[in-house]
Amino acid sequence: MIYRFADSVADRDRERFFTELRAAAYKSGLVKDFGYGAHYLLPVDEQSRGMTGNAIAQFACADLPTLRKFSELPVVHDLLARWRSKVDYEAAYANHDVLLTAGTTGGNPMHHTEHTVTVDAPVDVVWPVLVDVEGYARIFPPTQQVTILEESPEHQIARLVVDVNGVIQTWVSRRDIDVQRKVIGYRQLEHAPMMGHMGGEWRALALGEDRTQLVLTHDFKPREPVDGKVAGTYTYEEADEMIKAAVERNSVADLGAVKIEAERLAAGERAA
-4 MIYRFADSVA DRDRERFFTE LRAAAYKSGL VKDFGYGAHY LLPVDEQSRG
46 MTGNAIAQFA CADLPTLRKF SELPVVHDLL ARWRSKVDYE AAYANHDVLL
96 TAGTTGGNPM HHTEHTVTVD APVDVVWPVL VDVEGYARIF PPTQQVTILE
146 ESPEHQIARL VVDVNGVIQT WVSRRDIDVQ RKVIGYRQLE HAPMMGHMGG
196 EWRALALGED RTQLVLTHDF KPREPVDGKV AGTYTYEEAD EMIKAAVERN
246 SVADLGAVKI EAERLAAGER AA
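Read in order, the letters of the sequence shown correspond to residues -4 to 267 in my numbering.
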């Protein structure tokens, strides 16, 4: 897909668009891999302004019928209709088989995981716990420190210092906050040493006045190896297994920590 967003479209809206599109792609079970990024302008682009976009997204499907099936899903049409009503953009399709066979595309697959827990607390109690990224150092044991580098009501950029399997690591994440939908989309801007991509969403869904369904998703893959090694130490397969195990372990722990904190706060409110 080749996209051309109007100059009036804010970067955060463009990022949210692709974050939601990626989530829909993986959740469908029809898309094996998804990636997006900027189109890099070259001087020759000035000769073909009518065809030049400013963003690219690529979907990898098993075959053309699978891609057709994904493109016809109602959830995909609903997502695109909602975004077309919010931002000004054009899109063009480029459906094709794999064209490069020399291994230049970094073809290792992206993983998608989804974990969930039910919290016995109102969504308005759960939501502030998710937004308080500095509080993660208090409720998530592996998180040693969180420093906010940039913040607005709609986004946060923060540096996290985390104990990962006994090794202190640091990275910078951007979090886009959708108060109305109760969704926080996140992605690493400055990666942890073994990470090639890490992003996903926190979602808080009200189940009633006193219960909330909390969902945590991850989209991730290790760095591509250099001289056969990731971060100079592990094979790609070793790094992949380590990251998958850490995501599984930390997802369960993080959801449990938010549940405990939100239920503690809700109990305090009821007692008051």
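Heads up, the beta-carbon is just placed ideally off N, CA and C, and yes, glycines get one too.
Between residue 115 and residue 256, the C-beta gap is not smaller than 7 Å, which leaves the two residues out of contact. Taking all protein chains in view, the Cβ of residue 125 is crowded by 16 or more other Cβ atoms within 10 Å, so the residue is classified as buried.
For residue 227, there is no enclosing beta strand (DSSP E), as DSSP gives it neither H nor E. Distance check between residue 141 and each of 169, 119 and 118 places 169 closest, using alpha-carbon atoms only. Collapsing the DSSP output to three states places residue 131 in a helix. For residue 51, the pairing in a beta bridge is given by DSSP as -3 and 32. Residue range 106 to 114 is occupied by the beta strand (DSSP E) that includes residue 109.
In the DSSP secondary-structure assignment, residue 216 is bridged to 192. Counting only the Cα atoms, residue 106 lies some 5 Å from residue 214.
Spanning the alpha carbons of residue 33 and residue 26 requires a straight line of approximately 21 Å. A straight line joining the alpha-carbon of residue 207 with that of residue 246 spans about 17 Å. Under the criterion of beta carbons closer than 8 Å, residue -2 and residue 131 do not qualify as touching, at roughly 33 Å.
Counting the other Cβ atoms within 10 Å of the Cβ of residue 64 gives fewer than 16, which makes it exposed. Apart from sequence neighbours up to five positions away, the residues of its chain that approach residue 167 with a beta-carbon distance below 6 Å are 154, 184 and 185, ordered along the chain. Of the residues assessed, residue 171 falls on the buried side of the cut-off, its CB having 16 or more other CB atoms within 10 angstroms. Within the same chain, 53 come within 6 Å of residue 30 by CB-CB distance, once the 5 residues on both sides are set aside.
In this chain, the alpha helix (DSSP H) harbouring residue 121 covers 118 to 126.
Judged by DSSP in its simplified three-state form, residue 249 adopts helix.
Sixteen is the threshold: when 16 or more other Cβ atoms of the shown chains lie within 10 Å of the Cβ of residue 151, as they do, the residue is buried. For residue 122, same chain residues with a beta-carbon under 7 Å away, outside a window of 5 residues either side, are 177 and 199 in chain order.
Distance between residue 118 and residue 260, taken at the CA atoms: about 12 Å. Nearest C-alpha to residue 89 among 120, 68, 55 and 81: 55. DSSP places residue 15 in the uninterrupted alpha helix (DSSP H) bounded by 6 to 23.
Annotated as distal: residue 13 and residue 49, with beta-carbon spacing of 7 Å or more.
Of the candidates 136, 209 and 3, 209 places its Cα closest to the Cα of residue 111. Between the C-alpha atoms of residue 62 and residue 229 there is a straight-line separation of about 34 Å. Rounded to the nearest whole angstrom, the C-alpha separation of residue 241 and residue 127 is 23 Å.
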